Each structure stands twice: as structure tokens, then as C-alpha cells.
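Here the protein sequences line up with chains A and B, keeping their order.
Per this note's numbering, the very first residue in the first sequence carries number 128; after that it's consecutive.
Per this note's numbering, the very first residue in the second sequence carries number 1133; after that it's consecutive.
Glycine included, C-beta positions come from ideal geometry on N, C-alpha and C.
Computed from a predicted model, the values in this text were never measured in an experiment.
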Amino acid sequence: MLRALLGRWLATGELPSAPDESQASLLVEAASEQGLAGLLRQAIGQQSVRWPDAARRALRRADHEAFALGVRQLETANRIQHLLGARGLRCLPLKGAALAERLYDSVAHRPMADVDLLVLDDWPQAVTLLQEAGFAEHEQADHARAFLDPASGTVVELHQAVVSCARLFPLDLDAAWRRCRPGAGLVKRVPSSEDLLVQLALHASFQHGLALRLVQFLDVRRLLEREPPELASLAQVAVGSRAQAAVALALEAAHALVGAPIGPDLRELVTAWLPGGLRRYCTSRLLSDPTALLVPADPPIGRIRWELAAGRRMALIRETLRSGQSGFSRPAALGTIRRALDLARRWGRPTLRAFMPRPEG
Amino acid sequence: MESIRPRARTDRLVTRDLGDELLVYDLERHKAYCLNHVAMQVFRLCDGETTIPDLAHRIGDVLGVPVDERAVRLGLMRLEKARLLDGPVEPILHTSRREMLSTLGRAAVVALPVVTAITVPTSAQAASGCLPFGSPCTGSMQCCPGLSCNASIGNPGLKTCN
Chain A
128 MLRALLGRWL ATGELPSAPD ESQASLLVEA ASEQGLAGLL RQAIGQQSVR
178 WPDAARRALR RADHEAFALG VRQLETANRI QHLLGARGLR CLPLKGAALA
228 ERLYDSVAHR PMADVDLLVL DDWPQAVTLL QEAGFAEHEQ ADHARAFLDP
278 ASGTVVELHQ AVVSCARLFP LDLDAAWRRC RPGAGLVKRV PSSEDLLVQL
328 ALHASFQHGL ALRLVQFLDV RRLLEREPPE LASLAQVAVG SRAQAAVALA
378 LEAAHALVGA PIGPDLRELV TAWLPGGLRR YCTSRLLSDP TALLVPADPP
428 IGRIRWELAA GRRMALIRET LRSGQSGFSR PAALGTIRRA LDLARRWGRP
478 TLRAFMPRPE G
Chain B
1133 MESIRPRART DRLVTRDLGD ELLVYDLERH KAYCLNHVAM QVFRLCDGET
1183 TIPDLAHRIG DVLGVPVDER AVRLGLMRLE KARLLDGPVE PILHTSRREM
1233 LSTLGRAAVV ALPVVTAITV PTSAQAASGC LPFGSPCTGS MQCCPGLSCN
1283 ASIGNPGLKT CN
């Protein structure tokens, strides 16, 4: 309910009313959860709406903290771009780091949990350089490793790919670098609008099964409004990286959740790119209650990935079960089995539910 | 005292003007501050050429109320403590908020400069929503979709979203 109110505010500009302290407090909590506290504070100020003082104070505090944290995170991104760049390694920001300064009036309006950077060149050397600079590694996944910045305490995710199962979506990183442009603030180089939209879409659709915060769907809307991708170039990037379905799904979700504008030409692409299975998914889930998808939802990642990989599902299974061990060996087989069991535990239930027909009414 | 011409720092600072307050992030020290409207004017007008009495006049003009020189000194002291001034500005006559209130009366509070440190959240939890990959956690519900709270690969004694 609260998320739906916030979604409607983003889509229509109509601020949710907060008749009393408890309702206001719940809205502030939901706005913080969805990454919207700073934007809500700005909107309340601009529209001169009466909100209880306690809620205003909570929003003010959240806004101040988001500013400080955001600047700290982007300064870390800046330092890493310089550190790697000095050794000839190219890297580009992803997600929030790539757009906070260009699509929002303040970094406080686009809070980030961490800073994501995509390394375009020698990945092992980039990891070594960070470690030598004192960044402490504390986690790793298929496509990224997380480090802690010794100077600021910021969490940095150093990516070797935008999503896991990277071979399913072969991005042309050299072309992305040729298309990238100087950033407007602390981040020195940022991806082109077309690359950014494809990256956001892959992250939203494939990596998280659309279970994101509202502000992350607002990213898509702001990109379409403020720096609209050139459609021929977008098509080239999406087709080249086999990400058409992911882009179409993310655009449909952003349209349903926050009113992202899809003009006639873009609509034509979305219609052509959305496979039948995902079209049915959109009809049943996205159009009925899109806010049910938002964090902290348990998304049907398995089903969405299955639909996104239409025509190359064997590759999806192979990539998903890769254990990191090469060749055929007992450790590799055990690793694959362990991974399959882990994924079944994590994704099994919501995925099975998503494949089942929804009860009428 | 007449000859003191304080200068505000401009290098390695990121500022955000909110109209009635100014947020400042110090990239050198990784500290953030909120300056109220009086402290913001003191900070803005410290150009290295304006004396304290002139600062008081100019700030008074901007705010539309008379501003006492002691309020300006208090502001400078607070900005200096936050290391937002270029170099030391001694000898600023040290004064405190309490002294100001006792000598100028309660009405002076509207023209008092306030510099507040902003606590910068250090963990990924600061951004609310779900915890991303690698964040310390206590249960899988905290983690972003696709992740669960398990023993860390690098540190089995620590649970992280992975």
C-alpha cells in the first residue's frame, strides 16, 4: 500500500498525504526503504505541503546522511578510476555511480548501498592493484568482488561483468569505452545513455528478477527523460549483447511502476523484443500489482532468467552451474552439485510459484 | 582585530546548497557538516579580503537582521574547528553560544551560526532497502534478491550476503 502510494507519487507527481504522525512515519520508512527519502523531502519543500515535524526531521536527517555517504562513495569511485587508469586499466561506473550525478539534482537523491565499477581490461591486475592500495577484500561472486576502502570505509564492488552468467550477454567493452563520456562531477568517465540503459536493464531483469527499489526504476525513467538513448544505437548495443528481452522487460517494469515514458518508436522495439513468455508474465504480474515486485519481494528469478534465455537455455544452465573449477573432475562435479542445491534452496519456491497459473480474481 | 580577513576553504570540498542550509563534504578528511543559514553566510563571505566588522554588516544585509561581530567570530571559530577555513584565523576572540546568549539576549539566537557534523553511515545498510553482495548480515531476509546470508568465503566466522 505504502509502496503503491510512493509509486503513484513518482508516476503522477501527486504527493501522498500524511494526515497524522504515524502515517507520515510509515511513509518516511517506506520512502527510505525504496531510496526515496531525499526526493520526498525535496518534493514536500517544493509543494509546500504540510507534513508533521517529526517526519520532516527524519527526512532531513536521511537526506543529509545520503548526501555525505553519496559523496564519500563517488570519491572512492574517482580514486579507483585514477588508480587503475594510471596503470592503463580502464573502468566505468555501473548503476548508481554512473547516474547519481547526471540524472539527479543531488547525490542525496540517489542513495547507493555500494559503489559498482566495471573493469574493462586486465581483471586480475585490477584486483591486485586494489589490494596493494590497501582495499580489503571481503567477498566474491561469479562476476564481482567486494572490497572495503581503507580511507573511507566505502564498500566497492569491482565487476568483471555486469551480471553473473556473463557469457549470455556478451558486451562489447571496447565499444562501450569508445561511447563513454566525461562525467559531470566526481566520477570522471560515465557510460553512454545506450550502454547505461542496457546495463540497468540486465541488472534489473536478469540479476534481480525486477526485485529492486523504486528509485532504481526511477533511474530508467530519468534516463529516458533527461538523456534519452538514441534508438538505433540502443538497438545496436542491445542486439549485440543479446539483451533485448532484458531491456524490454525493464522498460515495461519502469513504465508500470514509475511511469517511465515509452514513446511510439521505443514501444515498437519493446514489443518486438519481449518474448511470449515474458509478455504473459508482464500481463499477469506487472500490470496487476507491480509494487509486489519491489524489495523486499522474493522474486521468481529462475522463471525470469529462463524466459530471458529463450533460445539458449542450455547455455543458461551451463553458466548458472559453473562452479569455478575447470574441466571434468571430482571437485568440479561436487562444486556443481553444491551450487545446484544452493540455487534450488534460494530460488526454488518463488520460481515454481511463478510458473503456476494464478487463481482467477 | 580589524585586520583579520578570513578565507573559506574551496579546495577539496563538495557543497550542496539547500537554500536555508549548506551541506559541506570535506574530501580530505571524509567529514561532512551542515551549516545553518548564518554559518552559511559567514562561510560564503569569507573571501580573504573582508574584515570581521564588514562581514557582520554584509551578513546582516543578507539576512535582514543586525548581526553582531561576536556572532561572526563564533561562526569563524566553528568553521575553523571544522577545518573549513584556509589557514588559522587567530586571534579570533573566543566566545561561546552561552556567552552570546547572556550578553545579547535570547533574540540573538536567530542570528547565531551553527555548524553541525553529519554522521556518515559507514555500512551498506545506510542506503536502506536490501543488503547487497558482501554486506555483513544476520538473516537472508536482509539480503537483496538472489543473495542469502551465509558464512563469508574469506572469513567463515562472519556471515555476509552472498
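Could you name the residues of the same chain whose beta carbon sits closer than 6 Å to that of residue i, not counting the 5 residues immediately before and after it, in chain order?
{"i": "D269 of chain A", "result": "S291"}
{"i": "L409 of chain A", "result": "Residue 409 of chain A is actually Cys in this sequence, not Leu. Answer for C409 of chain A: E379, listed in chain order."}
{"i": "L257 of chain A", "result": "F274"}
{"i": "G312 of chain A", "result": "E228"}
{"i": "L166 of chain A", "result": "H236"}
{"i": "L1216 of chain B", "result": "R1141"}
{"i": "P238 of chain A", "result": "G162, A193"}
{"i": "V289 of chain A", "result": "Q326, L329"}
{"i": "A1243 of chain B", "result": "V1170, V1197, V1199, A1203"}
Indicate whether at least one CB of chain B lies closer than 7 Å to the CB of residue i.
{"i": "V290 of chain A", "result": "no"}
{"i": "S279 of chain A", "result": "yes"}
{"i": "D269 of chain A", "result": "no"}
{"i": "E487 of chain A", "result": "Interpretation of E487 of chain A is limited by its pLDDT of 49, a score under 50 that renders its predicted location unreliable; no figure is taken from the coordinates."}
What three-state label does DSSP hand residue i in the structure shown?
{"i": "F296 of chain A", "result": "coil"}
{"i": "K1213 of chain B", "result": "helix"}
{"i": "A227 of chain A", "result": "helix"}
{"i": "I1250 of chain B", "result": "strand"}
{"i": "D1158 of chain B", "result": "strand"}
{"i": "T1147 of chain B", "result": "strand"}
{"i": "L337 of chain A", "result": "coil"}
{"i": "A263 of chain A", "result": "strand"}
{"i": "D1179 of chain B", "result": "strand"}
{"i": "C409 of chain A", "result": "helix"}
{"i": "E354 of chain A", "result": "coil"}
{"i": "L1167 of chain B", "result": "strand"}
{"i": "H191 of chain A", "result": "helix"}
{"i": "H330 of chain A", "result": "helix"}
{"i": "P427 of chain A", "result": "coil"}
{"i": "P309 of chain A", "result": "strand"}
{"i": "H270 of chain A", "result": "coil"}
{"i": "R439 of chain A", "result": "coil"}
{"i": "V282 of chain A", "result": "strand"}
{"i": "E148 of chain A", "result": "helix"}
{"i": "A1140 of chain B", "result": "strand"}
{"i": "L421 of chain A", "result": "coil"}
Near residue i, which residues of its chain fall below 7 Å by C-beta distance, leaving aside the five closest residues on each side in sequence?
{"i": "S1260 of chain B", "result": "Reliability of the predicted coordinates at S1260 of chain B is poor, the pLDDT of 43 falling under 50, and no value is obtained from them."}
{"i": "L351 of chain A", "result": "A387, P388"}
{"i": "E1201 of chain B", "result": "I1184, P1185, A1188"}
{"i": "R1137 of chain B", "result": "G1180, E1181, T1182, T1183"}
{"i": "G336 of chain A", "result": "P426, P427, I428, I431"}
{"i": "L1167 of chain B", "result": "E1153, L1154, V1156, F1175, V1247"}
For residue i, I'd like the list of residues in its chain whose CB is within less than 8 Å of its CB, leaving aside the five on either flank, ordered along the chain.
{"i": "A437 of chain A", "result": "A372, P402, G404"}
{"i": "E148 of chain A", "result": "P179, A181, A182"}
{"i": "A419 of chain A", "result": "R412"}
{"i": "G488 of chain A", "result": "Reliability fails at G488 of chain A, whose pLDDT of 43 lies under 50, so the model's placement of it is uncertain and the value that follows must be treated cautiously. Correct list: empty, nothing qualifies."}
{"i": "L247 of chain A", "result": "L216, R217, C218, L219, L300, D301, A303, W304"}
Quick check: is the beta carbon of residue i nearer than 7 Å to any beta carbon in chain A?
{"i": "R1148 of chain B", "result": "yes"}
{"i": "A1164 of chain B", "result": "yes"}
{"i": "V1252 of chain B", "result": "yes"}
{"i": "L1195 of chain B", "result": "no"}
{"i": "R1141 of chain B", "result": "no"}
{"i": "S1135 of chain B", "result": "no"}
{"i": "L1159 of chain B", "result": "yes"}
{"i": "L1145 of chain B", "result": "no"}
{"i": "L1155 of chain B", "result": "yes"}
{"i": "P1138 of chain B", "result": "no"}
Less than 6 Å between the CB of residue i and some heavy atom of the ligand NAD, yes or no?
{"i": "Y1165 of chain B", "result": "As far as ligands go, the structure on display features none, and thus does not contain the ligand NAD."}
Is there a C-beta anywhere in chain C that falls below 7 Å from the one on residue i?
{"i": "S1135 of chain B", "result": "The chain inventory of the structure shown lacks chain C, comprising the protein chains A and B."}
Anything in the stretch 189–213 of chain A with a Cβ closer than 7 Å to a Cβ of chain B? List those residues in chain order, please. H191, E192, F194, A195, L196, V198, R199, E202
Proximal residues, the stretch 220–237 of chain A versus chain B, C-beta separation under 8 Å: S233, A235
Which residue spans inside the stretch 357–406 of chain A form an unbroken alpha helix (DSSP H) run of at least 4? 358–367, 371–385, 391–400
Contained alpha helix (DSSP H) runs [length at least 4] in the stretch 196–246 of chain A, N- to C-terminal order: 222–230
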